[in-house]
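Trainee:
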Amino acid sequence: MSAPERIPPRSVTTAGTEAADLLAHGELTVRGRIRDASNAALFCTVAHDGREADCVYKPVAGERPLWDFPDGTLAGREVAAYEVSEATGWGLVPPTVLRDGPYGEGMVQLWIEASADTELLALVDGEEPGPGWKAIGFAEVGEGRTALLVHADDERLRRLSVLDAVINNADRKGGHLLPTAEGRLYGIDHGVTFNVEDKLRTLLWGWAGELLTPEAVEVLQRLRDALGGELAARLAGLLTPAETDATRARVDALLAAGRHPEPGGEWPAIPWPPV
């Protein structure tokens, strides 16, 4: 018997539909638990019709209740984030599906192997970031010292910051950024998104108040149209009508302002811990 064909992380863009089909229909085998996750997250393999891939399975049964999100909805929000990402054409979220698994219904997402060679965050001395970096804010580093927390002035991060504003991401930490050896960037862990209230909390504030790029404006215009049709239908089983309406309103607000959002002051702007 021949070995199954592996779907490596670099195939996400070129074979996204194929990967999503494998995730949706393949047989899940649990290999271990990802212990640093706040909710139950299981490392698995999925195999179907001669194909195989690594993936993450987050069963709804393993979600911790949150005061500001309805119970049992985090997996659906992860899938909704993938659907919106796909509608932008940026491909910033790995293929993600909602399906039954060994521990009941849950989110299943293609595993992405991050590259340790790409530095996206740093702590630097001084009050201004150096060339190629954007300031986030000051952080305590011990013994009464502070340092400037910065992120890379990277177009991939800038696109992700726009996506986060659209989906109202309340938890964009450094550990959720996965650069690959092939030069792509993916964001993961989108369970606390799409709230109807403004809860944007992120490390990617470096472009706050700056004009949106022409590319971002074009993508948001296309996204607004999609939210009035096919994308809205795809989100219907994942979000409430009010949450979909709020997503459309955020897109409209971004286009009207023409700028990246700024911290509002009514909600902590940076997640803790930041990484």
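Start counting the sequence shown at 4; every next residue gets the next number (the numbering used here). Each residue gets a CB set at the ideal place from its N, CA and C atoms; glycine is no exception. All figures in this text were calculated on a predicted structure; none of them were measured in a lab.
#1: When the Cα of A78 is compared with those of A125, G94, K61 and R67, which residue comes out closest?
#2: With a threshold of 6 Å on Cβ separation, who are the neighbours of E66 within its own chain once the five nearest residues in sequence on each side are excluded?
#3: May I ask you to report which of helix, strand or coil DSSP gives H28?
#4: Please state the DSSP three-state secondary structure of E269.
#5: Could you say if the region 178-187 and the region 109-125 meet the contact criterion of at least three C-beta pairs nearer than 8 Å?
#6: If you scan the region 77-101 from start to end, which runs of the alpha helix (DSSP H) of 4 or more residues do you find wholly inside it?
#7: Which same chain residues end up closer than 7 Å to A272 when comparing Cβ atoms and leaving out the 5 residues on each side of it in sequence?
#8: Please look up how many angstroms separate the CB atoms of P105 and L163, rounded, as I've assumed it's under 8 Å.
#9: Does the beta-carbon of T17 have 16 or more other beta-carbons within 10 angstroms, so that it is buried, or is it exposed?
#10: Distance check for Q112 and L241, CA to CA, integer angstroms please.
#11: By a C-beta neighbour count over all protein chains shown, 10 Å radius and 16 as the cutoff for buried, is D228 buried or exposed?
#12: For V63 versus F46, is the C-beta spacing smaller than 8 Å?
#13: Any contact of the region 165-175 with the region 183-201, i.e. 3+ C-beta pairs under 8 Å?
#14: Among the candidates E146, L166, E122 and V144, whose CA atom is the shortest distance from the CA of D156?
#15: How would you call A84, buried or exposed, if buried means at least 16 neighbouring beta carbons within 10 angstroms?
Mentor: Looking at the coordinates:
#1: On the sequence shown, position 75 is the one that residue 78 refers to. Ranking A125, G94, K61 and R67 by Cα distance to A78 puts K61 first.
#2: Within the sequence shown, residue 66 is the residue found at index 63, counting from 1. Excluding sequence neighbours, E66 sits near N42 and L77.
#3: Position 25 of the sequence shown, counted from the start, is the residue given in the question as residue 28. Helix.
#4: Translated into positions along the sequence shown, residue 269 becomes position 266. In the structure shown, E269 falls within a coil segment according to DSSP collapsed to helix, strand and coil.
#5: Here the region 178-187 lies against the region 109-125, with 3 or more beta-carbon pairs under 8 Å apart.
#6: The alpha helix (DSSP H) runs of length 4 or more contained entirely in the region 77-101 are, from start to end of the chain, 77-91.
#7: Position 269 of the sequence shown, counted from the first residue, corresponds to residue 272. R204, W208 and P266, listed in sequence order.
#8: Taking the first residue of the sequence shown as 1, we reach residue 105 at position 102. Taking the first residue of the sequence shown as 1, we reach residue 163 at position 160. With a Cβ gap of about 31 Å, P105 and L163 do not count as contacting.
#9: On the sequence shown, residue 17 is found 14 positions in, with the first residue counted as 1. Residue placement at T17 is poorly supported in this model, since its pLDDT is 37, which falls under 50; the coordinates still yield a value, given next. Exposed is the call here.
#10: As a position in the sequence shown, residue 241 is number 238, starting the count at 1. As a position in the sequence shown, residue 112 is number 109, starting the count at 1. Between the alpha carbons of L241 and Q112 lies a gap of roughly 15 Å.
#11: Numbered from its first residue, the sequence shown carries residue 228 at position 225. That one is exposed.
#12: Reading the sequence shown from its first residue, position 60 is the one you call residue 63. Reading the sequence shown from its first residue, position 43 is the one you call residue 46. No, the Cβ-Cβ distance between V63 and F46 is not below 8 Å.
#13: Using a Cβ-Cβ distance cut-off of 8 Å, the region 165-175 and the region 183-201 are in contact, since at least three pairs of beta carbons, one from each stretch, lie closer than that value.
#14: Reading the sequence shown from its first residue, position 153 is the one you call residue 156. Per the Cα distances, E122.
#15: Along the sequence shown, one-based indexing puts residue 84 at 81. In this structure A84 is buried. Its beta-carbon is surrounded by 16 or more other beta-carbon atoms within 10 angstroms.
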